[in-house]
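First up is the structure itself, then whatever we jot down about it.
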Ligand SMILES: Cc1cc2nc3c(=O)[nH]c(=O)nc-3n(C[C@H](O)[C@H](O)[C@H](O)COP(=O)(O)OP(=O)(O)OC[C@H]3O[C@@H](n4cnc5c(N)ncnc54)[C@H](O)[C@@H]3O)c2cc1C
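In the working numbering, the protein residues as written are 369 to 793.
Below is the structure:
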């Protein structure tokens with residue numbers, strides 16, 4: 369069914385996840401007219417339950433803190449690493465490094481959290497249309513003159529309509545509509561991972577401020593790691609991340625349930641924690657190669673969250689990056705409309721700093737997969753523990769943390785020499 373009416377607004381946002389809800393809410397707070405189209409009806413399932421403290425500033429700006437404090441989400445105070453022998457290393461407590469309210473964050477059920485964010489955006493003036501799929505982004509012109517002018521959307525009754533806008537914000541998640549349409553995706557060849565996960569009831573968790581700790585548990589052969597994220601209602605999210613080929617190729621079984629159980633059996637730190645627990649949902653699988661768009665904005669369009677780039681979930685940075693890019697892009701859109709300048713430069717002005725922050729996190733991710741040992745690093749460079757904690761908190765957007773780069777390089781060189789010596793007998 370094709371509707372004839374053409375609607376007009378200032379800003380169209382594709383997708384109502386954390387990135388879209390934030391970009392839309394910020395632009396609306398700045399007085400712009402914003403229509404957000406989300407193909408699902410919320411609450412809907414989503415993976416990615418662990419927040420990191422630097423999300424606090426965005427929550428504060430959006431007026432979300434009271435709702436979060438009043439929620440049933442489990443409080444998170446630290447990240448803890450469990451090595452391949454099942455030994456817990458010294459925890460990284462966020463408040464020990466920065467004793468402030470924002471050092472405590474939450475472990476969230478995404479169905480509930482994303483709905484809170486979306487309803488909050490509506491409260492701030494965003495026109496939210498759920499059950500409305502964006503079919504395509506409409507562009508005018510050709511080559512470098514190409515410019516977004518709106519979207520075609522289809523509602524649940526099948527009615528298709530055109531919505532014209534000055535700016536289109538793509539927050540469509542890993543589907544990344546504009547990135548795919550314009551062929552802008554660069555896959556990260558070093559981070560070709562996959563995840564297999566499920567939810568457990570009755571699993572062992574810490575007490576006191578350790579109750580909501582995220583655990584990162586190594587497999588016995590260091591081929592991958594498990595996340596262990598305690599949620600409310602005595603549920604724990606437990607998932608393995610490893611190379612795609614390791615998980616799915618050269619296995620006797622192709623059954624994801626069997627693969628999941630095999631990997632649990634290879635994780636000495638996990639086995640005792642699940643002994644008394646019951647798996648309460650079927651196993652889910654995600655291919656999660658990291659990627660990034662070559663361009664963050666063009667004339668009349670800008671990308672946020674996973675629609676711009678996805679970084680391995682090792683340090684739970686996805687929602688922070690979604691919120692941060694959403695906030696920065698929301699402001700850039702409002703600035704661009706005020707200046708009547710909808711150029712790529714203006715809409716993407718925030719990106720260079722943001723990408724540097726992502727790169728810092730990426731370095732720490734790659735080091736971990738190459739065998740980086742947090743305990744050893746901190747023992748050798750105790751004065752840099754604060755920098756590592758900064759990065760785990762998500763304080764990525766300042767040059768101070770770059771002081772860890774030279775010591776990381778040094779440790780990497782040593783490891784390489786050691787490996788070479790072992791290989792040469
Ligand atoms: C295995 C795994 C574990 C993770 N763990 C964590 C974690 O612990 N902590 C963390 O911070 N991050 C984690 N992440 C990352 C995190 O989930 C994402 O980075 C985050 O959801 C990105 O938010 P977003 O708003 O960009 O995209 P999404 O949350 O995916 O939202 C996109 C929205 O767009 C909608 N949409 C898509 N296409 C259309 C369309 N055509 N029309 C209308 N609507 C559309 C979708 O329905 C969806 O609601 C994990 C990711 C994976 C894969």
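Note that the Cβ used here is the ideal one computed from N, Cα and C, for glycine as well.
{"Check": "Would you tell me roughly how many angstroms separate the C-alpha atoms of residue 746 and residue 775, rounded to the nearest one?", "Outcome": "11 Å"}
{"Check": "For residue 435, which residues from the same chain have a beta carbon less than 8 Å from its beta carbon, with the 5 sequence-adjacent residues on both sides left out?", "Outcome": "484, 488"}
{"Check": "Taking all protein chains shown into account, decide if residue 757 is buried (16 or more other Cβ within 10 angstroms of its Cβ) or exposed.", "Outcome": "buried"}
{"Check": "Tell me which residues share the same chain as residue 734 and place their Cβ nearer than 8 Å to its Cβ, disregarding the 5 neighbours each side in the sequence.", "Outcome": "558, 559"}
{"Check": "For residue 566 and residue 653, I'd like the C-alpha separation in whole angstroms.", "Outcome": "9 Å"}
{"Check": "Following a CB-centred definition, is residue 484 positioned closer than 7 Å to any heavy atom of ligand 1?", "Outcome": "no"}
{"Check": "Using the rule of at least 16 other Cβ atoms within 10 Å of the residue's Cβ for burial, across every protein chain shown, is residue 404 buried or exposed?", "Outcome": "buried"}
{"Check": "Would DSSP call residue 442 helix, strand or coil?", "Outcome": "strand"}
{"Check": "Using three-state DSSP, classify residue 582 as helix, strand or coil.", "Outcome": "strand"}
{"Check": "Just list the alpha helix (DSSP H) runs in the region 437-524, keeping only unbroken ones of 4 residues or longer that don't cross its boundaries, in chain order.", "Outcome": "462-465, 478-491"}
{"Check": "Return yes when the Cβ of residue 715 is within less than 8 Å of the Cβ of residue 704, no when it is not.", "Outcome": "yes"}
{"Check": "If we count the other Cβ atoms within 10 Å of its Cβ and call it buried at 16 or more, is residue 684 buried or exposed?", "Outcome": "buried"}
{"Check": "In this structure, how does DSSP classify residue 681 when only helix, strand and coil are distinguished?", "Outcome": "helix"}
{"Check": "Could you check the C-alpha separation between residue 480 and residue 410 for me, to the nearest Å?", "Outcome": "9 Å"}
{"Check": "Quick one: Cα of residue 544 to Cα of residue 391, how far?", "Outcome": "16 Å"}
{"Check": "I'd like to confirm something about residue 502: is its beta-carbon nearer than 7 Å to some heavy atom of ligand 1, or not?", "Outcome": "yes"}
{"Check": "Pull up the distance between the alpha-carbon of residue 396 and that of residue 402, whole angstroms please.", "Outcome": "6 Å"}
{"Check": "Opposite residue 597 in the DSSP bridges: which residues?", "Outcome": "605"}
{"Check": "Kindly indicate the opening and closing residues of the alpha helix (DSSP H) around residue 413.", "Outcome": "Looking at the DSSP string, residue 413 is not in any alpha helix (DSSP H), and its letter there is neither H nor E."}
{"Check": "Would you list, in sequence order, the uninterrupted alpha helix (DSSP H) runs of no fewer than 4 residues that lie entirely inside the region 702-773?", "Outcome": "712-715, 719-737, 742-748, 753-761"}
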